Every structure is written in C-alpha cells, then in structure tokens.
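Engineer: Residue numbers (this note's numbering): 21 to 387.
Backbone N, C-alpha and C define an ideal beta-carbon position, used for all residues, glycine too.
Just so it is clear, the structure is predicted and the values come from calculations on it, not from any experiment.
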Amino acid sequence: MISIDTVYMQRALELSKKGIGYTNPNPLVGAVIVKEGRIIGEGYHKYLGGPHAEIDAFQNAIEDVSGSTMYVTLEPCSHYGRTPPCAETIVKNKISKVVVATTDPNPLVAGRGIQVLREHGIEVITDILKDEAMKINEIFIKYISTKKPFCIMKTAMTLDGKIATASGQSKWITGEASRTVVHQLRHRVSGIMVGIGTILKDDPSLTTRLDAIEGMDPIRVIVDSKARIPLNAKVLNLKSNAKTIIVTTELADSKKLKALKEKNAKIIITPLKNDRVDLPYLMKQLGEMGMDSILLEGGSELNFSAIESSIVDKVIAFVAPKIVGGKLSKTPVGGLGIEHLSEAYVLDDLKVSIVSEDIMIEGYPRR
Ligand code: AOF
Ligand code: ZN
C-alpha cells in the first residue's frame, strides 16, 4: 500500500522538476507543508541564488505553519551560502516533523541539516522515495562530490545502427518527439559538447528550441585540437547570449586563436593526449567554471574518445525504426574501437521507453 508520506513526497518531487534548467549547478528541490491532512504550502527551488524550496514553501503557506509536517526532497541545508540555513528557518517556524527523501551530498551539509533539526526536538524521517530523489538530482550529486560535470552522451541511429545514409544525409534520423526530448535535455544541461567534425559537416547552431518554455541556451563546447573551426561557423555568430568555448591544444595556430577570441569565443588549451584534446583535463576545467553537466552530441570520433577516457556518466540512445544500409555509413561511436568483446563498455540500470515512433534507451556505463 502506498503510504501518505509517499504521496506528499511524490508531490514534492513533481514540484522540484519545475526548476529544471534554471538551478544549475544547484540541486532541484521541492517542498510541501502539511497540516492536519491538508497541504497548506508548496514550494520549489526556482533559480540559482533564489530562495531554497523550503523557504519558498513557507512564503506560499496559506495559514500558520506551526505544528505542521514538511516534506522536502533534499535534506534541509545547515550552512550560510547564497541564502541562510533552511534548517534554522524550519526550527523558527515551529515545524514538528520533517520528512526527507535523501540526505545532501554537499560536504557543507552532509547530515548536519538533519542533525540540527533533531537537536531541536523535530522528528525527522529519511529515505522516502530516496531512489527517485537521487535520480532527479543525478547531475547535482556527481558535480557536488567531484566538481566535474555529469556527462550525458546522446546518440541517434537507425535500427541498423547508422547515423546517416550512404550519401551522408542525417536530417532527420529520429522523429520530432525525440528531437523535442533532445531540446529538453539541452535546456537542462549547462553545456553541449561536439567535435569539430560535426561543426565542419553540419554547421549546427546548438541552441535550445522549445515552444512551451523559454529554453536556457547552454554553453557550446567545441573540441577542436587544431582550431580548424571556420570563423563563419554558426556557433561563433549567434545573436543569442549563448557562449562558445573552443577546446584546443598546442597544435592550434596562435593567429587563429586570436581571431577566435575576437569573436568572443573562450579558448581552453588542454595538454595533448594521443595528439588530441585531453578530455578528463577538460572536464576538470569545465567543472571549475561551474558547469555541472554536459550533453555530448557527437560525432562518432569524440564519442569513442569520451567513452574510452571514462568521462561519460550516462548514455541516452535514440533508435529510429528505419533501415538505411550502406557498409560505409557511419555509426554513433567510431574511433579505433576495442579488440576483445570482454573489453566492451557495458551499460547498467537500463531504461527503455517509446518516444512516439522511436525507442529511447538510457543507461549508465559500468565503471
Ligand atoms: C538549493 N536549493 O532548495 C536547497 C538547497 O548556493 P546556495 O547557498 O543556495 O546553497 C546551495 C546548497 O544548499 C546546495 O548545494 C544544497 O547543498 C543545499 N540545498 N540548494 O539550491 C534548495 N534546499
Ligand atoms: Zn536551504
């Protein structure tokens, strides 16, 4: 039987999702205040630097909150950060019971929020819908504990494993519904990463296009070890505020780098790794810049390097029920590949869903 705690926590999780795309690198958090079996206040974390979910719920409460129960998807914070500690505000508001989905992996909190509440005689229950709450904040959990972005590798292919026809046509492999899911992903992450091959071939703008909401344009990250990107590439000439980073190496021509800077591109130079960009080094740099998540959108060379260097945290693969053939047609992951099947990169925790006419497979590379 579903407990009443689960029902209210489910509502708090739903609320937390409203913040998707606006809170990075902070978590998605929702809160519900319940008194005598009625919801008297709801809130969520709306944008980075804004009130935490708990405070938003207090602000929205329609009656006196004393003696009520608060459901919150993440342990209330105990530190002075961009805002004062929520645990103290909960104590001041005389809440009698707090139900928490998951503890806060932030080293500044990590159990101390719950401790403060208990020290003040507040009953605390934890682990209600914990797995769901951790999944919603998988980006935050990776980022806060490693200071490196959560990297999602997204691919799209036909049923026979191709990302383009024999003549190179790739628009569109998947249907409109899948492409909308991709735009939602772009809205959610802080950066989109592609290799220079994709820029030279498709000249994409890599922006977020969503009808229903105002899409947040992530930072475009172009991996280009020799700085071959043409100065008229779309990603260097967009009207929107979206920023572009060119990731390159000592192999790049310094005059070209100067010209790129004049186009307002940020340049990151990484050490050479097998004559290419050092991706783990890059992830560290992007994390230091406050980027908590990256959507890797190909091409196949960069995908293999990313998988091989263990920077990929999640794979989202779209499969369109179409067959295009062509023995030379490209597949989602290229590179040198592996020799033995025993070395294959395996995904765990698979989720398979149907997105209109396509299949979406999500999984996490086994470490
Ligand atoms: C949020 N929203 O609703 C809750 C958070 O950057 P600050 O000072 O706002 O603090 C962020 C930390 O606060 C965050 O890493 C997490 O540990 C905790 N809780 N954060 O952004 C919220 N409840
Ligand atoms: Zn807080």
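(1) Helix, strand or coil: which one does DSSP assign to S36?
(2) Given T227, which residues of its chain have a CB within under 8 Å of its CB, disregarding the five upstream and five downstream residues?
(3) Give the C-beta separation of I266 and A247 to the nearest angstrom, bearing in mind that I take them to be a contact with Cβ-Cβ under 8 Å.
(4) Confirm the yes/no value for this check: CB of I82, any heavy atom of the ligand ZN, distance under 8 Å.
(5) Check whether the Cβ of E391 lies closer than 8 Å to any heavy atom of the ligand ZN, and answer yes or no.
(6) Secondary structure at V54, three-state DSSP: helix, strand or coil?
(7) Report yes or no: do three or more beta-carbon pairs, one from the stretch 285-293 and one from the stretch 135-143, lie closer than 8 Å?
(8) Would you please state the rounded distance, in angstroms, between the beta carbons of I53 and V85? I believe it to be under 8 Å.
(9) So, are the CB atoms of K334 and C106 less than 9 Å apart?
(10) Jot down the residue ranges of each uninterrupted alpha helix (DSSP H) in the stretch 290-354, minimum 4 residues, whole runs only, in chain order.
(11) How about I331 and P352: are their beta carbons less than 9 Å apart?
(12) Taking the alpha carbon of K342 as the reference point, which residue from D378, Q189, K37 and H360 has its own alpha carbon closest?
(13) For K283, tell me which candidate among L251, G307 and T122 has the shortest Cα-Cα distance.
(14) Counting beta carbon pairs with one atom in the stretch 302-311 and one in the stretch 346-363, are three or more of them shorter than 8 Å?
(15) Could you check if D124 belongs to the surroundings of the ligand AOF, using beta carbon to heavy atom distance under 8 Å?
(16) At the level of alpha carbons, what is the spacing between T175 and G355?
(17) Closest to K66 by C-alpha separation, out of K55, I40, G57 and G87, would be which residue?
(18) Among H360, I374, P385 and E359, which has the Cα closest to the Cα of V366?
(19) With respect to the alpha helix (DSSP H) encompassing I193, which residues constitute its N-terminal and C-terminal limits?
(20) Looking at C-alpha atoms only, which residue of V92, A285 and F338 is the closest neighbour of A51?
(21) Taking just the CA atoms, how far does Y42 sit from L426?
(22) From what residue to what residue does the beta strand (DSSP E) around G215 run?
(23) For L277 and S245, what's the separation of their Cα atoms in angstroms?
(24) Could you tell me whether any non-hydrogen atom of the ligand ZN is closer than 8 Å to the CB of T194?
(25) Any chance the CB of P96 is under 8 Å from a heavy atom of the ligand ZN?
(26) Among F160, L322, A186 and D273, which has the Cα closest to the Cα of V297?
(27) Does the beta-carbon of V120, which I'm using as the reference point, lie nearer than 8 Å to any heavy atom of the ligand AOF?
(28) Give the C-beta separation of S210 and N44 to the nearest angstrom, bearing in mind that I take them to be a contact with Cβ-Cβ under 8 Å.
Structural biologist: The answer reads as follows:
(1) helix
(2) R206, G235, D237, L258, S260 and A262
(3) Their Cβ separation, rounded to whole angstroms, is 6 Å, which keeps I266 and A247 in contact under 8 Å.
(4) Exclusion of I82 from the 8 Å shell around the ligand ZN follows from its C-beta lying no nearer than that to any non-hydrogen atom of the ligand.
(5) Coverage of the chain is limited to positions 21 through 387, which leaves residue 391 absent and any answer about it impossible.
(6) In the structure shown, V54 sits in a strand (DSSP, three-state: E or B).
(7) Cβ pair count under 8 Å is below three, so no.
(8) 6 Å
(9) no
(10) 299-308 and 320-328
(11) no
(12) D378
(13) L251
(14) no
(15) Annotation for D124 indicates a beta carbon within 8 Å of some heavy atom of the ligand AOF.
(16) 15 Å
(17) I40
(18) P385
(19) First-last for I193: undefined, no H or E at that position.
(20) V92
(21) What the structure shows of the chain is the stretch from 21 to 387, and residue 426 is not part of that stretch, so it cannot be assessed.
(22) Unbroken beta strand (DSSP E) run through G215: G211 to G215.
(23) 11 Å
(24) no
(25) yes
(26) Checked all of F160, L322, A186 and D273; the closest Cα to V297 is L322.
(27) no
(28) Contact between S210 and N44 holds: CB atoms are separated by about 5 Å, below the 8 Å threshold.
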